[in-house]
Ligand SMILES: Nc1ncnc2c1ncn2[C@@H]1O[C@H](COP(=O)(O)OP(=O)(O)OP(=O)(O)O)[C@@H](O)[C@H]1O
Ligand SMILES: [Mg+2]
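Residue numbers (my numbering), protein chains in the order written: chain A, 428 to 657; chain B, 310 to 700.
This is the structure in structure tokens:
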């Protein structure tokens, strides 16, 4: 099945310094296969976000190793991080849409990072993507006039519009009610499946757990269980 | 606007969208930049008026070289110089002609009781060529005793008097208990030192300044022969008067030294210079405040962009876009307002508070640079941070 999308070995991570030094990740080793939906679980403070952001080159790797799409992240220069980030998609707990950009413009930002290109084509792709998440009637709305679930769907569209190789999602449903949260995650799962995307998601949604290919559980910065589902 | 900027930038005009999204804050930011621009332009205007004012008397004179007592720094703060020096100078090869110049302040009371101070120049009618052509053309009228050419821009004087004068009605007024009659007008303008300017003959001068004598003028003006450089004659004169308590300079150099003294050594000059610096600093602080607040308010969104793979250049681009928009939109009202305030100041003070082209350009460039630099500094925080730490 080829090289894994991500391989993590002997990963430790510390926050703060001196008296306040605190270890959040302890000797984590794991590989994430391509094209699968992997879910990270664990109680609050167990290090899920920390691990996710380390794998997604949003945080400096301090010790151990993270290989993402074949590239070592530890001590990687900023330019390599920037070009790697362009091959990824992120969906955060809070939608983090740009308040002054419309839904279409927010999604366009996910495309324009790859270069200028044909603007009409890009606009069309952005609108198509918004259609796929069921927002074709909200294309020119500003985030302030969208509901929480709709905003998070825009964030999904923004993350997926450039066909990323790996998508990272950190509790994308945390700010949503059960129903719309479920819709968003299901969308993420289906879209990922049809495109062969590798998805790593932190979630507590039990209904999603059933869809996962694999569930990794953390506690106090350590992997305590790792189950592959069939 | 959006489409135009999008075409120009080749990307979404995020800076513009971000600024215009919050109309209230946008207006406040523009007002801030406008205020800073106005502040700097006003300070420069006042400083400029002082410069024009200190050079103004020289623009009324027509000479190559000036000989004065060396115990002062300006046209009016020196001892008198012996007229004999003029005759000695005329014996130096290359000196074509010389004239004694008498300068003093005369105060007269207008009918409404307001005192008016006139910087008064006394020249012999025969020496009229030592004044600027506009003055020289009217000088012959001063051969008549107790007559004067008066400045139509004299501060606080009823304009109808000058209108009548120009229509041919002389205007008599009392000075030091004697009657002086203005017979024609010149156009000069007030300075920080005087309300206006007046020309009279040397004879009239001596009558109105009882303690002055014809053999001790304030300055001696010289013209050099055609075809010879004033610098050469200047050297000869310095050689001739070596060891005497005299300043011998070309008129231009003398004027430049006066200006330098006024702007860098006199308290008023220093205060105005300081005003310009303060205006600039306040301006930079306002712009920096506006842009860094804007960056701080959008930190989460910027972090998201960073996570998506946008690099530092992109953020610099957004903030520079904002900086330039603010610079332009703030500069224009600032400039317009300063034109208005210059007018008001000139009207109230009759000081030559004037706009000049170089100032318009320099202050604009300064505004753009200050805005762009503030923006660049404001994005520094983004450059260093891991995206995850910004959420
Ligand atoms: N920026 C930080 N500075 C210091 N400590 C931090 C920082 N971020 C996280 N931590 C600590 O590291 C540990 C792991 O945090 P992390 O956010 O990864 O947990 P989590 O599993 O995502 O929790 P939650 O379910 O609440 O989101 C926690 O003890 C937390 O307090
Ligand atoms: Mg978390």
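In this text, a Cβ means the ideal position worked out from N, Cα and C, and glycines have one as well.
These figures come from a predicted structure and were not determined experimentally.
Residue 652 of chain A Cβ short of 7 Å to ligand 1 heavy atom set: For the purposes of this step, residue 652 of chain A is taken as the residue at position 225 of the first chain. No, the beta carbon of residue 652 of chain A sits no closer than 7 Å to any heavy atom of ligand 1.
Opening and closing residue of the beta strand (DSSP E) in which residue 481 of chain B lies: Residue 481 of chain B sits at position 172 when you count from the first residue of the second chain. Residue 481 of chain B -> beta strand (DSSP E) spans 480–484.
Contact with chain A by residue 614 of chain B, beta-carbon distance below 8 Å: For the purposes of this step, residue 614 of chain B is taken as the residue at position 305 of the second chain. Yes, residue 614 of chain B lies at the interface with chain A (some Cβ there is under 8 Å from its Cβ).
Neighbourhood of residue 458 of chain B by C-beta distance below 6 Å, restricted to the same chain and skipping five residues each side: Along the second chain, read from residue 1 onward, the residue named residue 458 of chain B stands at position 149. So the list reads 447, 493, 495 and 508, once near-sequence residues are dropped.
Residues passing the C-beta test against ligand 1 heavy atoms, cut-off 5 Å: That gives A:442, A:451, A:471, A:472, A:473, A:474, A:475, A:476 and A:477.
Cβ contact (3+ pairs, closer than 8 Å) linking the segment 537–544 of chain B and the segment 416–429 of chain B: The segment 537–544 of chain B, when compared against the segment 416–429 of chain B, does not touch it at the 8 Å Cβ threshold.
Short-range partners of chain A found in the segment 679–700 of chain B, where Cβ spacing is below 8 Å: Listed in sequence order: 695, 696, 697, 698 and 700.
Distance cut-off 7 Å: residue 695 of chain B Cβ against heavy atoms of ligand 3: Ligand 3 is not part of this structure, which contains only ligand 1 and ligand 2.
Cβ neighbour criterion (16 or more within 10 Å) applied to residue 483 of chain B: The residue labelled residue 483 of chain B in the question sits at position 174 within the second chain. Residue 483 of chain B comes out exposed.
Distance cut-off 7 Å: residue 509 of chain A Cβ against heavy atoms of ligand 2: For this step, residue 509 of chain A is matched to residue 82 along the first chain. Flag unset: Cβ of residue 509 of chain A not near ligand 2.
Pairwise C-alpha distance: residue 373 of chain B and residue 559 of chain B: Along the second chain, read from residue 1 onward, the residue named residue 559 of chain B stands at position 250. Along the second chain, read from residue 1 onward, the residue named residue 373 of chain B stands at position 64. The C-alpha of residue 373 of chain B is placed about 6 Å away from the C-alpha of residue 559 of chain B.
Closer than 7 Å: residue 567 of chain A CB and nearest ligand 2 heavy atom: Here residue 567 of chain A refers to the residue found at position 140 when the first chain is read from its first residue. Residue 567 of chain A Cβ: outside cutoff for every heavy atom of ligand 2.
Sufficient close CB pairs (3 or more, under 8 Å) joining the segment 610–629 of chain A to the segment 461–480 of chain A: The segment 610–629 of chain A makes contact with the segment 461–480 of chain A: 3 or more CB pairs, one atom from each, lie closer than 8 Å.
Proximity of residue 642 of chain A and residue 654 of chain A at Cβ, strictly below 8 Å: Taking the first residue of the first chain as 1, we reach residue 642 of chain A at position 215. Taking the first residue of the first chain as 1, we reach residue 654 of chain A at position 227. Going by C-beta atoms, residue 642 of chain A is nearer than 8 Å to residue 654 of chain A.
Positions along the segment 427–442 of chain B whose CB lies within less than 9 Å of some CB in chain A: Along the segment 427–442 of chain B, there is no position whose C-beta sits under 9 Å from a C-beta of chain A.
Buried or exposed (CB count within 10 angstroms, at least 16 for buried), residue 523 of chain A: Along the first chain, read from residue 1 onward, the residue named residue 523 of chain A stands at position 96. Residue 523 of chain A should be labelled buried.
Residue 439 of chain A to residue 477 of chain A span [Cα, whole Å]: The residue you call residue 439 of chain A lines up with position 12 of the first chain. The residue you call residue 477 of chain A lines up with position 50 of the first chain. Residue 439 of chain A and residue 477 of chain A have their C-alpha atoms spaced approximately 10 Å apart.
Check: residue 629 of chain A C-beta below 7 Å from any heavy atom of ligand 2: In the first chain, the residue the question calls residue 629 of chain A occupies position 202. Yes, the Cβ of residue 629 of chain A comes within 7 Å of a heavy atom of ligand 2.
Contacting residues, own chain, Cβ-Cβ under 7 Å from residue 404 of chain B (five flanking each side not counted): Locating residue 404 of chain B in the second chain gives position 95, where the first residue counts as 1. In chain order, 398, 531, 533 and 542 place their CB closer than 7 Å to the CB of residue 404 of chain B, counting only its own chain and leaving out the 5 sequence neighbours on each side.
is_contact[residue 319 of chain B, chain A] using C-beta, thresh 8 Å: Residue 319 of chain B sits at position 10 when you count from the first residue of the second chain. Yes, because at least one Cβ of chain A sits closer than 8 Å to the Cβ of residue 319 of chain B.
Cβ neighbours of residue 643 of chain B in the same chain (closer than 6 Å, five flanking residues each side left out): Against the second chain, residue 643 of chain B aligns to sequence position 334. Taking C-beta separations shorter than 6 Å and ignoring five residues to either side along the sequence, the partners of residue 643 of chain B in its chain run 343, 346 and 347, following chain order.
Nearest residue (CA-CA) to residue 413 of chain B, options B:475, B:545 and B:502: Here residue 413 of chain B refers to the residue found at position 104 of the second chain. With distances taken between Cα atoms, residue 413 of chain B lies closest to B:502.
Straight-line gap, residue 378 of chain B to residue 529 of chain B (C-alpha atoms, nearest Å): The sequence position of residue 378 of chain B within the second chain is 69, counting from 1. The sequence position of residue 529 of chain B within the second chain is 220, counting from 1. Cα to Cα, residue 378 of chain B sits roughly 10 Å from residue 529 of chain B.
Residue closest to residue 427 of chain B, alpha-carbon to alpha-carbon, out of B:562, B:499 and B:684: On the second chain, residue 427 of chain B is found 118 positions in, with the first residue counted as 1. When only C-alpha atoms are compared, the closest one is B:499.
Residues that residue 543 of chain A contacts on chain B, provided the C-beta gap is smaller than 8 Å: As a working mapping, residue 543 of chain A is identified with position 116 in the first chain. The contact set of residue 543 of chain A on chain B, defined by CB atoms closer than 8 Å, consists of 319 and 320 in chain order.
Interface partners of residue 517 of chain A on chain B, CB under 8 Å: Taking the first residue of the first chain as position 1, residue 517 of chain A is located at position 90. Those within 8 Å of residue 517 of chain A in chain B are 613, 616 and 617.
Three CB pairs or more closer than 8 Å across the segment 508–525 of chain A and the segment 578–597 of chain A: Contact between the segment 508–525 of chain A and the segment 578–597 of chain A is present: three or more C-beta pairs spanning the two stretches fall below 8 Å.
Cutoff 8 Å: residue 610 of chain B Cβ touching any chain A Cβ: The residue you call residue 610 of chain B lines up with position 301 of the second chain. Among the CB atoms of chain A, one or more fall inside 8 Å of the CB of residue 610 of chain B.
Proximity test, residue 698 of chain B beta-carbon vs ligand 2 heavy atom, cut-off 7 Å: Mapped onto the second chain, residue 698 of chain B falls at position 389. No, Cβ of residue 698 of chain B sits at least 7 Å from all heavy atoms of ligand 2.
Residue 597 of chain A beta carbon near ligand 2 (any heavy atom closer than 7 Å): As a working mapping, residue 597 of chain A is identified with position 170 in the first chain. Correct: residue 597 of chain A has its Cβ closer than 7 Å to ligand 2.
Terminal residues of the beta strand (DSSP E) in which residue 414 of chain B lies: Taking the first residue of the second chain as 1, we reach residue 414 of chain B at position 105. In the DSSP assignment, residue 414 of chain B falls within the unbroken beta strand (DSSP E) covering 404–418.
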